[in-house]
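Undergrad: Numbered by the numbering used here, the letters in the sequence shown go through residues 1 to 46 in order. Positions of the beta carbon are idealized from the N, C-alpha and C atoms, including for glycine. Given the structure is predicted, the values throughout are model-derived calculations rather than measurements. Okay, here's the structure, questions in a sec.
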Amino acid sequence: MRQAMRWYGSQIILANETDYGIHFSIFTSNLQAALSTADELEAAIV
Numbered sequence: 001m002r003q004a005m006r007w008y009g010s011q012i013i014l015a016n017e018t019d020y021g022i023h024f025s026i027f028t029s030n031l032q033a034a035l036s037t038a039d040e041l042e043a044a045i046v
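Right, here's the structure in full:
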């Protein structure tokens, strides 16, 4: 399993490659920013 971690400003995005695809975990103190980032990531994957 591969794993990647990136900093985006105050956010940490953790990507885990699993048997079911890539799972993103987003850690941030700003929930709204995390949700919009998740939407952008999902759109980029599709």
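Let me know the secondary structure DSSP gives Tyr20 once reduced to three states.
TA: Three-state result, Tyr20: coil.
Undergrad: Would you list the one or two residues that DSSP bridges to Ser25?
TA: According to DSSP, Ser25 bridges with Leu14.
Undergrad: Secondary structure at Arg2, three-state DSSP: helix, strand or coil?
TA: Coil.
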